[in-house]
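The block underneath contains the structure these notes are about, expressed in C-alpha cells.
Numbering (full-length UniProt numbering), first residue to last: 1 to 67.
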C-alpha cells in the first residue's frame with residue numbers, strides 16, 4: 001500500500017525539520033515542492049508531498065501516525 005502525506009511549514013527551518021524527520025522515517029519526496037503566500041499572516045508557507053510504501057492493503061483501520 002502506498003501512503004501519501006503533504007507536509008507544510010510556516011518557515012524554511014520548520015519545514016526542513018519536518019521533511020528531514022519524514023525522510024528519516026522512510027518517507028520519500030513526491031513531486032515538486034510548493035510555495036503558498038498566506039496573506040493573513042503575511043508569510044510564505046512551504047509544502048511538499050511525500051510518499052511511503054507499507055505492507056498490506058488499504059483499509060479504514062490504517063492510521064498514518066503508525067507509519
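Virtual Cβ for every residue (Gly too), placed ideally from N, Cα, C.
Owing to the predicted nature of the structure, the values given are computational and were not obtained by experimental measurement.
| said: Judging by CA-CA distance, which residue of 34, 60, 54, 27 is the nearest neighbour of residue 8? | reply: By one-based count along the chain shown, residue 8 stands at place 8. Nearest of 34, 60, 54, 27 to residue 8, Cα basis: 34.
| said: Distance check for residue 46 and residue 29, CA to CA, integer angstroms please. | reply: The residue given as residue 29 occupies position 29 in the chain shown. The residue given as residue 46 occupies position 46 in the chain shown. The straight-line gap from Cα to Cα measures roughly 14 Å.
| field | Beta-carbon separation (whole angstroms), residue 26 vs residue 52, contact threshold 8 Å | value | Position 26 of the chain shown holds residue 26. Position 52 of the chain shown holds residue 52. Residue 26 to residue 52, Cβ: 6 Å. Contact.
| task | Tell me where the alpha helix (DSSP H) around residue 18 begins and ends. | result | Position 18 of the chain shown, counted from the first residue, corresponds to residue 18. 12-24 is the span of the alpha helix (DSSP H), which, as asked, contains residue 18.
| said: My output table needs one value for residue 53: the three-state DSSP class, helix, strand or coil. | reply: Residue mapping note: residue 53 aligns to position 53 of the chain shown, counting from 1. If DSSP states are grouped into helix, strand and coil, residue 53 belongs with the strands.
| query | Alpha carbon to alpha carbon, how far is residue 61 from residue 22? | reply | Indexing the chain shown from 1 puts residue 61 at position 61. Indexing the chain shown from 1 puts residue 22 at position 22. Taking the straight line joining both Cα atoms gives about 21 Å.
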